[in-house]
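**Student:**
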Amino acid sequence: MTVRFGDGRSGGPSDGRSDGRSNGRSNGRTAETIVERVRDSRPGEIPARLCAVAVELLPVTGASVSLRADGVPLRLTATDDRAAQLTDIQATLGDGPGPCAGASGTPVLASDLTAGRDAHRWPVFAQQATAAGVCAVYALPLGSDRVCVGTLDLYRDTVGELTSDELWTAGCVARLVTVSLTDLSRTARLDGRDGLVDLADHDEIHQAAGMIMAQLGIGADDALARLRAHAFAHGRTVLVVARDVLGRRRRLDRE
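Following my numbering, the numbering of the sequence shown begins with 909 at its first residue and continues without gaps.
1) If I follow the unbroken beta strand (DSSP E) through Arg-1064, where does it start and stop?
2) Return the residue from the list Thr-1066, Ala-1039, Phe-1140 and Ser-1012 that minimises the CA-CA distance to Arg-1054.
3) Return helix, strand or coil for Ala-1139, following the three-state DSSP convention.
4) Excluding the 5 residues flanking Ala-1131 on each side, which residues of the same chain have their C-beta closer than 7 Å to its C-beta?
5) From Val-1081, Arg-957 and Thr-1000, pick the residue whose C-alpha is nearest to that of Gln-1036; which is it?
6) Below 7 Å CB to CB, which residues in the same chain sit around Thr-985 once its five sequence neighbours on both sides are set aside?
7) Please classify His-1028 as buried or exposed, where buried requires at least 16 other C-beta atoms within 10 Å of its C-beta.
8) What is the residue span of the beta strand (DSSP E) that Thr-985 lies within?
9) Ala-1040 by DSSP, collapsed to three states: which one?
10) Grab the span of the beta strand (DSSP E) containing Val-973 for me, first residue to last.
11) If we ignore side chains and look at the alpha-carbon of each, how far apart do Arg-937 and Val-946 end up?
12) Give the straight-line distance between the Cα atoms of Thr-1086 and Thr-1077, rounded to the nearest whole angstrom.
13) For Val-1045, does the three-state DSSP call read helix, strand or coil?
14) Could you give the DSSP three-state label for Leu-1001: helix, strand or coil?
15) If we count the other Cβ atoms within 10 Å of its Cβ and call it buried at 16 or more, is Arg-976 buried or exposed?
16) Excluding five sequence neighbours on each side, which residues of the same chain lie with their C-beta closer than 6 Å to the C-beta of Ala-1047?
17) Candidates Asp-1073, Arg-1134, Gly-1127 and Ala-1139: which alpha carbon is nearest Ala-939's?
18) If you draw a straight line from the alpha carbon of Val-1148 to that of Leu-994, how long is it in whole angstroms?
19) On the premise that Ala-991 lies in contact with Gly-1024, defined as a C-beta separation below 8 Å, what is that separation, rounded to the nearest angstrom?
20) Taking the alpha-carbon positions, what's the Asp-1003 to Arg-1159 distance?
21) Apart from the five residues on each side of it in sequence, which residues of its chain come closer than 7 Å, Cβ to Cβ, to His-1138?
22) With Leu-1021 as the anchor, note down where its beta strand (DSSP E) starts and where it stops.
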């Protein structure tokens, strides 16, 4: 999966053209800043620190890293409660810039969720995102040419496109997140865990889906769909419903 900023996006970046030499110097300084911010970090800290540096260097107000498992985004880290909330909304709906970027392997840049084609492309997500104070989302896939392991999602509270230089910075952060996830996956497997998924904040979603599969005799896709539908119908996140199922406070009966 090559991160090509010219493909698969919603809305386009601003021109952002500048002298080649000055642009190169600026990019070099940006790369140095990113490396400096994560220097001496433990492997498990790097994704969170990279999210923080994305907020520092880009005109965004929040960032999160989500892992992909059976099409469900599982939050690994988020800079703040609102970024975490947006990840949970996308997990509940199974829709939004993040899931689309993960499925396509290309960046999805929703520069205006308040109106126009972005709002029409994801009407329910756009309504919930703007209600939470988020007006634009930029989702970048993480992984290789063969597989997407997750997304770096950037959020901001105003509409607007990213310039080409800003997209370069976002891509640089995304590539470093991919490297850190590769290292984390290797470490997790050496420790006997199930790769990256066990590192996510809410693998409870898949555990709950497993319980529903056993209770109702249905497949994994149907169990996840049932979780999402129940969460949406009751105005809750899929994570909250999953935890209720695991705690045996809620049972999703066959309809």
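Built from N, CA and C at the ideal position, the CB exists for glycine as well.
**Tutor:** Let's see:
1) The residue labelled residue 1064 in the question sits at position 156 within the sequence shown. First-last of the beta strand (DSSP E) with Arg-1064: 1056-1064.
2) As a working note, residue 1054 is residue 146 in the sequence shown. Of the listed residues, the one whose Cα sits closest to Arg-1054 is Ser-1012.
3) For the purposes of this step, residue 1139 is identified with residue 231 of the sequence shown, where counting begins at 1. Three-state result, Ala-1139: helix.
4) The residue you call residue 1131 lines up with position 223 of the sequence shown. Result list for Ala-1131: Ala-1117, Ile-1120 and Met-1121, in chain order.
5) Here residue 1036 refers to the residue found at position 128 of the sequence shown. Of the listed residues, the one whose Cα sits closest to Gln-1036 is Thr-1000.
6) In the sequence shown, counting from the first residue as 1, residue 985 sits at position 77. Once the five neighbours on either side are set aside, the close Cβ partners of Thr-985 are Pro-955, Ala-956, Cys-959, Ser-972 and Val-973.
7) Residue mapping note: residue 1028 aligns to position 120 of the sequence shown, counting from 1. With fewer than 16 other Cβ atoms within 10 Å, it is exposed.
8) The count along the sequence shown starts at 1 and reaches residue 985 at position 77. Its beta strand (DSSP E) spans residues 980-986.
9) Taking the first residue of the sequence shown as 1, we reach residue 1040 at position 132. Three-state result, Ala-1040: coil.
10) Here residue 973 corresponds to residue number 65 of the sequence shown, with the count starting at 1. Segment 970-977, the beta strand (DSSP E) holding Val-973.
11) As a first step, residue 937 is located in the sequence shown; it is residue number 29 there, counting from the start. As a first step, residue 946 is located in the sequence shown; it is residue number 38 there, counting from the start. Rounded to the nearest angstrom, the two C-alpha atoms are 15 Å apart.
12) As a first step, residue 1086 must be located in the sequence shown, where it is residue number 178. As a first step, residue 1077 must be located in the sequence shown, where it is residue number 169. Their Cα atoms are separated by approximately 14 Å.
13) Residue numbering aside, residue 1045 sits at position 137 when the sequence shown is read from its first letter. Here Val-1045 sits in strand by DSSP.
14) To locate residue 1001, count along the sequence shown from 1; it is residue 93. Reduced to three states, the DSSP call for Leu-1001 is helix.
15) Along the sequence shown, read from residue 1 onward, the residue named residue 976 stands at position 68. Buried.
16) Sequence index remark: in the sequence shown, residue 1047 carries index 139 (1-based). Result list for Ala-1047: Pro-1005, Gly-1006, Ala-1009, Val-1016, Thr-1059 and Asp-1061, in chain order.
17) Looking up residue 939 in the sequence shown gives position 31. It is Asp-1073 whose Cα lies nearest to the Cα of Ala-939.
18) Numbered from 1 along the sequence shown, position 240 holds the residue referred to as residue 1148. Numbered from 1 along the sequence shown, position 86 holds the residue referred to as residue 994. So the alpha carbons of these two residues sit roughly 14 Å apart.
19) Here residue 1024 is taken as the residue at index 116 of the sequence shown, counted from 1. Here residue 991 is taken as the residue at index 83 of the sequence shown, counted from 1. Contact doesn't hold; Cβ gap of about 23 Å is too wide.
20) For the purposes of this step, residue 1003 is taken as the residue at position 95 of the sequence shown. For the purposes of this step, residue 1159 is taken as the residue at position 251 of the sequence shown. Answer to the nearest angstrom: the Cα atoms are 25 Å apart.
21) Residue 1138 sits at position 230 when you count from the first residue of the sequence shown. These residues qualify, in order along the chain: Val-1149 and Leu-1160.
22) In the sequence shown, residue 1021 corresponds to position 113, counting from 1. Looking at the DSSP string, Leu-1021 is not in any beta strand (DSSP E), and its letter there is neither H nor E.
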